[in-house]
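Report on the structure given below.
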Amino acid sequence: MKKLAIAAAAAGAGLVGLALAPTVAQARPVQPSVSLSWSACTDESLSGLECASLKVPLDHSKPHGQQITLALSRFKHTGTTGYQGAMLVNPGGPGGTGRDFASRVADGLPDSLKATYDVIGFDPRGVGGSSPSLTCDPNYFLPVRPDYLPTTKALETTWLKRSAKYAATCGKKYGSLLNHMKTTDAVRDMDDIRAALGQKQINYYGASYGTYLGSVYATMFPSHVRRMVLDSNVKPSDVWYDANLEQDKAFEGNINALFAWAAKYDSVYHLGTTQKAVRDFYFATRAKLAKAPALGTVGGDELDDTYLVAGYIDEGGYWQYLVNALSQYKAGNAQALVDAYNLLGLTTDDNGYAVYNAVQCSDVQWPKSWDKWRRDNSKLYNAGYKFETWGNAWYNAPCLTWPAKAGKPVDVGHAKGVPPVLLFQATNDAATPFPGGVEMNQRLKGSRLVIEDGGRTHGVVERGNACIDDKFAAFLTNGALPANKTHCARLPEPVPPSGATAKAAVAQPSQQPLGRP
C-alpha cells in the first residue's frame, strides 16, 4: 500500500467465479533439516539482536532446486522457565523489512513476555538483507516527478511509459524469479523458518500486509499456528486492485481530519479557521508546487507523498510536525516543506517498492485494461476523493504490465483447525480500512475483533493504548481472549506543543509509522 485489493464475494462466502489456491499446504517436518547459527547482528540498526540466515527453495515445488537466502533476527527470551516458543513478526508492506521489527515488538512487551518468547524477525524473500534483494530502478522516486494528476494526455502517457519501463526493467533483471514472489511463496518460507527453529507451532504478530501474510499462513498451515495476532487487517476479498480504490476513500477522510485539526488551532498555525479553508490552501499550494517546486525539490507529487503520512498516523507528533511545516511555508519558509519531505516523503531505495510490486502484481490478476483503471480512478477523483487517488493509481501501475504469471486468490480462513485469532482494527484506519477487520473476523472462525473507536493510526498495538496493549499481552501470556467486538477508546487527539506559534520549531515525530501494507 501506498497502498494495499481482488474484487470478489461477500465475506464468508468464498470468491465466487474464481479458481482458488489450494487451502492446506504440505508441511515441512517438525525436526529441522538445517540448524540455524545465531550470532550478534553486526548492523547497527539491529543492535541487541542475534542474526542468522536460512536457505529456502526459490520454487517450493522443487525443494532441491535453486536456493535463496532469508535473513533472520532474534530477540532471545530472557527467562529460564515458562518458555512459550518463537513468535514471528512482520510489519507489512509487502516489502517491509522485518529484522529490525523484532526489536521494536520486543521492546514493547512486558518483561514477563520478554522472558518467555523468542521474537523472530525476518526479511521476506527479496527484501533487505535477504538474497537476492530486489531493486529495479533506484532513481524511480527521485524528485521532481511528473504530476500525478493526468490533466493532459501527455501526462497520462508519460506515467504509463514510466510504469511500463519500471516493470520491464524488473523483468529483464530478475526474469523467472518474479514468478516466485507471491504471498504463498513467503508463507511457505515462514513454515521453513518454523521447521528450522525446531518448533511444532509458531506464534505470530503481523500488522498491515502482515495480516494477510499471517491469515494465509493460518489457512495453509492451520495446525502450525499456536497464537496469532493480526493488527490493522487487509480485506481478503479485495486483494489487491479493489483494496487500493477503497484506500483512496479512507485517506480522503483522514486528510480532511488533519485539515479540520489545523483549523481548530488556527491561532497557532494560521492556515484557516475551517476545514475547507485549510483544504483549499493545501490544494492551492499543491497546484503552485506542481508548476514551481519548492527549492527545486518539492513538487505536487512530493507534497502529497509527505502528507500521506498524516493518513497513516495522528500520534507521535506527526500532525503537529506536518501542519507546522505547511504553516512555515505559508509564512515564506520553503525549506520547512523540503525538510518535511526529506524526513517523511523521500524514497532513496526502491527495494521496498520492487518487492511491493513483485508480490502484489503476481498474487492475483490485475485488470489489464488501462481504460478500466482510468474510468475507476476518474470516478473516484470526480466524486471528491482528490488527495490520494491518482498517486495511488500510478504507484500500482506497474501491475498493468508486470512480467510474471499471476496466481490464484487464497480463500482465507476456509481451512479446518485454525485456532482463535486475535484481531485489532481502528475504525478510521486508512491504509487497511475498517471493513477489512470485519471481514477477517468473519472468515477466521472463532477469532475475536478488538475495535479502537475513532482511531486513525495504522497499526494500533504497542502505541500506548493500554486497552489495546493489555489485551495483546493477556493473549500472549495465557491465550486469554476478549469478547468479540470489544471496544477501546482511541488515544486523545493531538494538541500543538505548549506555547507553540506558527514560526516555532516543532520536534520531529517520535517514530516512523509501521509502513505501507
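Residues -27 to -1, 1 to 490 in mature numbering (1 follows the signal peptide of the UniProt record, and there is no 0) are what the sequence shown lists, from first letter to last. Note that the Cβ used here is the ideal one computed from N, Cα and C, for glycine as well.
Range covered by the beta strand (DSSP E) that runs through residue i
{"i": "L203", "result": "V198 to D204"}
{"i": "V62", "result": "G58 to N63"}
{"i": "G94", "result": "Y90 to D96"}
{"i": "Y121", "result": "Taken as a continuous stretch (DSSP letters only), Y121 belongs to no beta strand (DSSP E), as it is neither H nor E."}
Alpha helix (DSSP H) segment containing residue i, residue limits
{"i": "R47", "result": "Premise fails: R47 lies in the beta strand (DSSP E), Q40 to F48, not in any alpha helix (DSSP H)."}
{"i": "F448", "result": "A439 to N451"}
{"i": "residue 501", "result": "Here the chain covers residues -27 to 490 and nothing more, so residue 501 does not appear."}
{"i": "residue 498", "result": "Any answer about residue 498 is impossible in this case: the structure gives the chain only from -27 up to 490."}
{"i": "S76", "result": "R72 to G81"}
{"i": "Y358", "result": "Neither: Y358 is in no alpha helix (DSSP H) and is coded neither H nor E."}
{"i": "G325", "result": "N324 to D336"}
{"i": "I286", "result": "Segment: none, I286 is in no alpha helix (DSSP H) and carries neither H nor E."}
{"i": "E129", "result": "K126 to Y147"}
{"i": "A164", "result": "The amino acid at residue 164 is misidentified as Ala; the sequence shows Asp. Taken as a continuous stretch (DSSP letters only), the alpha helix (DSSP H) holding D164 covers T156 to L170."}
{"i": "residue 555", "result": "Given that the chain is displayed from residue -27 to residue 490, the structure contains no residue 555 and the question cannot be resolved."}
{"i": "residue 491", "result": "For the chain, the structure presents residues -27 to 490; residue 491 sits outside this window and is missing."}
{"i": "K87", "result": "D84 to K87"}
Own chain residues within Cβ distance below 8 angstroms of residue i, not counting five before or after
{"i": "S335", "result": "L151, N152, M154, K155, W375, A377, K378, A379 and G380"}
{"i": "S471", "result": "none"}
{"i": "L128", "result": "P119, D120 and L122"}
{"i": "A313", "result": "T279, Y294, L295 and A298"}
{"i": "T246", "result": "A236 and D239"}
{"i": "A250", "result": "A236 and L244"}
{"i": "N401", "result": "A223, G226, N227, A230, F407, G427, G428 and R429"}
{"i": "A(-7)", "result": "Interpretation of A(-7) is limited by its pLDDT of 49, a score under 50 that renders its predicted location unreliable; no figure is taken from the coordinates."}
{"i": "V7", "result": "L27, K28 and A169"}
{"i": "T192", "result": "T(-5), V(-4), V383, D384, V385, G386, H387, A388 and V391"}
{"i": "A403", "result": "Q220, A223, F224, G226, N227, G284, Y285, R429 and H431"}
One or two residues paired with residue i in a DSSP bridge
{"i": "D426", "result": "A462"}
{"i": "A25", "result": "L45"}
{"i": "S12", "result": "C24"}
{"i": "V271", "result": "A267"}
{"i": "N176", "result": "M60"}
{"i": "G419", "result": "Answer is none; G419 lacks a bridge partner."}
{"i": "G99", "result": "S106"}
{"i": "P30", "result": "Q40"}
Close-in-space but distant-in-sequence residues of the same chain around residue i (CB under 6 angstroms, 5 per side omitted)
{"i": "H460", "result": "I424 and D426"}
{"i": "D274", "result": "R118 and Y121"}
{"i": "I(-22)", "result": "In this prediction, I(-22) has a pLDDT of 18, which is less than 50 and means its spatial position is unreliable; nothing more can be read from the coordinates."}
{"i": "N330", "result": "P371"}
{"i": "L449", "result": "L86"}
{"i": "Q4", "result": "Any reading at Q4 must be qualified, since the residue scores a pLDDT of 47, below 50, and its modelled position is unreliable; the value itself is stated next. If we look at Q4 and ignore the five residues flanking it on each side, it has no Cβ neighbours."}
{"i": "D221", "result": "L353, Y358, E361, T362 and N365"}
{"i": "Q39", "result": "L31"}
{"i": "A137", "result": "T374"}
{"i": "F325", "result": "Position check: residue 325 holds Gly in this sequence, whereas Phe was assumed. Around G325: G68."}
{"i": "Y90", "result": "H50, Q57 and M60"}
{"i": "M445", "result": "According to the sequence as given, residue 445 is Phe; it is not Met. So the list reads V434, once near-sequence residues are dropped."}
Residues near residue i by beta carbon distance below 7 angstroms, same chain, minus five either side
{"i": "R167", "result": "I175 and H197"}
{"i": "P469", "result": "Y238, V241 and Q293"}
{"i": "K458", "result": "L422 and I424"}
{"i": "S34", "result": "none"}
{"i": "R98", "result": "I41, L43, M154, D158, A159 and D162"}
{"i": "A453", "result": "A447"}
{"i": "residue 498", "result": "Here the chain has residues from -27 to 490 only, and residue 498 is not among them."}
{"i": "N350", "result": "T362, W363 and A366"}
Enumerate, from N- to C-terminal direction, the unbroken alpha helix (DSSP H) stretches of 4 or more residues contained entirely within the stretch 217 to 268.
-> You should have 239 to 242 and 248 to 264.
How do the stretch 173 to 182 and the stretch 142 to 150 stand: do at least 3 beta-carbon pairs fall below 8 angstroms, yes or no?
-> Too few Cβ pairs lie closer than 8 angstroms, so no.
Is the stretch 201 to 221 in contact with the stretch 328 to 347, if contact means three or more CB pairs nearer than 8 angstroms?
-> With the cut-off at 8 angstroms, the stretch 201 to 221 and the stretch 328 to 347 touch.
Do the stretch 362 to 376 and the stretch 385 to 394 touch if we need at least three Cβ pairs shorter than 8 angstroms?
-> Segments in contact, no.
Cβ contact (3+ pairs, closer than 8 angstroms) linking the stretch 302 to 313 and the stretch 353 to 361 | Contact between the stretch 302 to 313 and the stretch 353 to 361 is absent: fewer than three C-beta pairs spanning the two stretches fall below 8 angstroms.
Is it a yes or a no for the stretch 105 to 119 touching the stretch 71 to 86, going by three-plus beta-carbon pairs under 8 angstroms?
-> The stretch 105 to 119 makes no contact with the stretch 71 to 86, as fewer than three CB pairs between them are under 8 angstroms.
Can at least three beta-carbon pairs, one atom from the stretch 128 to 139 and one from the stretch 279 to 289, be found at a separation below 8 angstroms?
-> No, they do not touch.
Please confirm if the stretch 253 to 261 is in contact with the stretch 429 to 439, defined as three or more CB-CB distances below 8 angstroms between the two stretches.
-> Because the criterion of three Cβ pairs below 8 angstroms is not met, the stretch 253 to 261 and the stretch 429 to 439 do not touch.
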